[in-house]
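Note that numbering that gives the first Met the number 0 has the sequence shown beginning at 0, numbered continuously upward. Note that CB positions come from ideal geometry on N, CA and C, so glycine has one too.
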Amino acid sequence: MCGIVGYVGKLNAQNVIISGLEKLEYRGYDSAGIAVIGKDGMNSAKFKGRLSVLAKYLEEHPIEGTIGIGHTRWATHGVPSDENAHPHFNKDKTIAVIHNGIIENYLELKAMLLEKGYEFRSQTDTEVVAHLFDFYYDGDLLQTAFKVENAIRGTYAILAIHQDSPNEFVALRCEAPLVIGYGNGENFVASDIPAVLEYTREVAFLENGEIAHVTANNVTVYNTKKEIVHKKPFTVEWSLDAATKGGYDHFMLKEIHEQPQGIRDTINNRIDGKGYIKLDDIKLTKEEIQKFDKIYIVACGTAYHAGCVGKYAIEKLAKIPVVCDIASEFRYRDPFVDNKTLVILVSQSGETADTLAALREARRKGARILSITNVVGSSIARESDDVFYTWAGPEIAVASTKAYTTQLVAFYMIALTLALAKNTISERTYFMLIDQIKQAADILEEMLKDDTQEKEVAELIKDKNALFYLGRGVDMQTAKEMALKLKEISYIYAESFAAGELKHGPIALIENGTPVIAISTQEPMIEKMVSNIQEVKARGAYVIGIASEGDNLISSVCDKVIYVPKIDDLLAPLISVVPGQLIAYHTTCLKGLDVDKPRNLAKSVTVE
Ligand code: F6R
């Protein structure tokens, strides 16, 4: 989704903004632009394509000034083009506006503005905001912002500057994230913390309906009633290095390697002196837990796949029925949710519009809301009753890896907590599983030292048009996640199937040389997997097994096997997904594609 950076202070605004936008590249975008007010008035540049195109242009045609706004656009209304790139301006180019989100009543506003004689240069919804600022402007940018906010409807994070007020900018927020960075003699507003971290660690999030009035020495935040809101900034503990590549070729590879630490950070701080799980941000009492008669897990994409594993863990350990639902479907099918339902939302970014909408629907129906998210203070976290933060650190690559494994850890810990409260688990099993989750981090660290086998598989599949993943039980969920990883970055058509379901249709897709990756870590199902592998081999498939060490049955039927260390069956997805992540990564590198920024995808999907 779009990235936003606003700056006012003493430095060269162009440099601050470009470096801030670079830190937001992970959000996905198709064009970039900037407007800066200098001694000679408003200057701007905007281009379709990578941020580097804009940066190169600015190197050759620098813009002077210490106040400005910059934007990376992910197209919603209007194709990616120079004209549709932000900022958008009023007619005489005294006002510049950037926007993330969608102005839902833009057609109505556009009609009104056209009638008043305004002319439009782009196909975007955002341009109405620039003209609205012009329409309402009475010499006071803040008061104008209040009027604009009153007129627009939809989701937005908006920054606006006016050439006649060269010492201030305004920021408006509704549903799309905006964070204020408090500096010394300079201030920032951006879509996410990494954009400001080079300059300040003191930050605060804007809430829905709030407007920030920003000058070099002051940030004043107002609510919709125009009352001042006293923000309490918090200090960001993680380093900027955590948001940069740190020596790896790609963010995705770095993040795959950060998984052991992510798992440790997620579990270790939540174990008390006696070895029990202590979930600080979850206020659920034993009595409340015992009252739940069902659980819904709702999420999108990879987070949904983590939820599918979470279902197995909760049903097996806590004996509570779980429905796992895709967020964009959940709220349109009148789910059986009431005040005896716990709804668990999973979202790395905490800003996914579909998941947020599902949260609100669950709230409306009276459910207790628990979210699992990686971003402190995100919209989903703020609107939940209870939050489990995955301490994975910022995830920059569009393809989610470390967020997934830490989400799995979150589910195991929640399942264990529910199980203990419901007396459905022995203390022996409880402590054994906690111990094995911790061990998983060490196991992964060892595994990640050698990715030769995954590279070999990447060589084998890189030129294939299609590939299938099979598994049974939780392995089927791992298969889903592996298939998503491969298709989203390598663009190879990849699909996953429950191994036992193949013969009911999908087996028709298998032909001579079709690569099939068969995941088999579930002890009681090994023999069944062997039969399913035989079925595809008999039709010409080339089968790569992912099996637990010590299992000789699978190797006897596969063309190649990647062994993963043995761990409790329920926890196996934590380990077995990693070869799948690495296969996707290496295949994409071999194909020479953009690993971290795959086509058509955005990191944070803030539109429904
Ligand atoms: C896949 C991927 C997406 C996200 C999905 C939800 O690698 O990253 O499928 O998992 O868009 O995003 P969050 O977790 O931020 O809600």
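Name the residue from the options whose alpha carbon lies nearest to the alpha carbon of residue i.
i, options, result
"K602", "S425, L131, A396, E206", "A396"
"E197", "I160, M251, D264, E21", "E21"
"E444", "K479, V563, G309, V386", "V563"
"D619", "S575, G208, Y25, D279", "Nothing about residue 619 can be reported from this structure: the residues present for the chain run from 0 to 607 only."
"K230", "I379, E206, I491, K9", "E206"
"I532", "T451, I506, Y105", "I506"
"L608", "Y303, L447, L341, E360", "There is no way to answer for residue 608, as the model of the chain reaches only from 0 to 607."
"L131", "S121, G100, F88", "F88"
"R362", "A517, T340, I62", "T340"
"D567", "C557, K448, F430, M446", "F430"
"K282", "Q260, I413, A54, D449", "I413"
"Y221", "E148, V556, Y490", "E148"
"V188", "C173, G208, I157", "I157"
"I325", "D337, K590, A356, N338", "A356"
"S554", "L573, V374, A457, S530", "S530"
"A501", "Y295, H98, A517, T71", "It is Leu, not Ala, that sits at residue 501 in the sequence shown. Checked all of Y295, H98, A517, T71; the closest Cα to L501 is A517."
"A175", "H98, Q122, S495", "H98"
"N354", "C323, F335, A546, K461", "What sits at residue 354 in the sequence shown is Thr, not Asn. Here the closest residue by C-alpha is C323."
"V182", "V7, D271, V594", "At residue 182 the sequence reads Gly, which differs from the Val that was named. When only C-alpha atoms are compared, the closest one is V7."
"L466", "Y403, Y541, T423", "Y541"
"L447", "P578, K565, L592", "P578"
"N104", "K90, K92, E126, Y117", "E126"
"I68", "G48, V96, K90, A54", "V96"
"L200", "L171, L177, R172, L239", "Note on residue identity: the sequence assigns Arg, not Leu, to residue 200. It is L239 whose Cα lies nearest to the Cα of R200."
"N464", "K596, P597, S489", "S489"
"S18", "R381, A194, N511, E236", "A194"
"V178", "E63, M251, V375", "V375"
"V15", "D29, C1, V35", "V35"
Would you grab the beta carbon distance between residue i and residue j for me? Rounded to a whole angstrom, and I think it's under 8 angstroms.
i, j, result
"L570", "Q406", "Between Q406 and L570 the Cβ distance is about 14 angstroms, and since that is not below 8 angstroms, they are no contact."
"G539", "T520", "About 26 angstroms; that fails the 8 angstroms criterion."
"V408", "I266", "6 angstroms"
"H85", "G32", "5 angstroms"
"S377", "E350", "6 angstroms"
"T301", "E480", "6 angstroms"
"K486", "A497", "Rounded, the Cβ-Cβ distance is 18 angstroms, inconsistent with contact."
"Q347", "S399", "6 angstroms"
"I94", "A129", "6 angstroms"
"G499", "K527", "7 angstroms"
"F410", "A298", "With a Cβ gap of about 11 angstroms, F410 and A298 do not count as contacting."
"R263", "A391", "Going by Cβ atoms, the distance from R263 to A391 rounds to 11 angstroms, so no, they are not a contact pair."
"L57", "A74", "Not quite, the Cβ-Cβ distance comes to about 22 angstroms (not below 8 angstroms), so this is no contact."
Any idea if residue i is buried or exposed, counting beta-carbon neighbours within 10 angstroms, 16 or more meaning buried?
i, result
"L581", "buried"
"L113", "exposed"
"Y331", "exposed"
"P523", "exposed"
"H161", "buried"
"E453", "buried"
"I227", "exposed"
"P61", "exposed"
"D191", "buried"
"P393", "buried"
"L106", "exposed"
"D550", "buried"
"T451", "exposed"
"F233", "exposed"
"S383", "buried"
"E185", "buried"
"T477", "buried"
"G100", "buried"
"T372", "buried"
"H585", "buried"
"K253", "buried"
"S51", "exposed"
Quick check: is the beta carbon of residue i nearer than 8 angstroms to any beta carbon in chain D?
i, result
"A601", "Annotation note: the requested chain D is absent from the structure, which comprises a single protein chain."
Item to check | alpha helix (DSSP H) runs wholly inside the segment 103 to 155, at least 4 long, in chain order | outcome: Along the length of the segment 103 to 155, whole alpha helix (DSSP H) runs at least 4 residues long occupy 105 to 114, 126 to 135, 140 to 150, reported in chain order.
Checklist entry - What residue ranges within the segment 195 to 236 form continuous beta strand (DSSP E) runs of no fewer than 3 residues, ordered along the chain? => result As far as the segment 195 to 236 is concerned, its whole beta strand (DSSP E) runs of at least 3 residues are 201 to 204, 210 to 213, 218 to 221.
Checklist entry - Does the count of Cβ pairs from the segment 412 to 419 and the segment 295 to 315 closer than 8 angstroms reach three? => result Contact between the segment 412 to 419 and the segment 295 to 315 is established, with three or more Cβ pairs separated by less than 8 angstroms.
Next on the checklist: At 3 residues or longer, what runs of the beta strand (DSSP E) sit wholly inside the segment 235 to 301?
Outcome noted: The beta strand (DSSP E) runs of length 3 or more contained entirely in the segment 235 to 301 are, from start to end of the chain, 293 to 298.
Next on the checklist: Give the list of continuous beta strand (DSSP E) stretches no shorter than 3 residues that lie fully inside the segment 308 to 372.
Outcome noted: Contiguous beta strand (DSSP E) elements confined to the segment 308 to 372 occur at 321 to 325, 340 to 346, 367 to 372, taking only those with 3 or more residues.
Checklist entry - Residue ranges of each beta strand (DSSP E) run of no fewer than 3 residues wholly in the segment 503 to 587, ordered along the chain? => result The segment 503 to 587 is shown to contain whole beta strand (DSSP E) runs of 3 or more residues at 514 to 519, 541 to 547, 559 to 563, in chain order.
Checklist entry - Curious, which full-length alpha helix (DSSP H) runs of at least 4 residues does the segment 7 to 87 contain? => result For the segment 7 to 87, whole alpha helix (DSSP H) runs of length 4 or above, ordered along the chain, are 12 to 22, 50 to 59.
Next on the checklist: With three or more beta-carbon pairs closer than 8 angstroms as the criterion, would you say the segment 164 to 172 touches the segment 198 to 217?
Outcome noted: At 8 angstroms Cβ cutoff, the stretches touch.
Checklist entry - Are the segment 114 to 124 and the segment 65 to 83 touching, with three or more C-beta to C-beta distances below 8 angstroms? => result Yes, they touch.
Next on the checklist: Ignoring anything shorter than 4 residues, give me the alpha helix (DSSP H) runs that lie fully in the segment 372 to 436, in order along the chain.
Outcome noted: Taking only runs of at least 4 residues, the alpha helix (DSSP H) segments lying wholly in the segment 372 to 436 are 378 to 381, 401 to 420.
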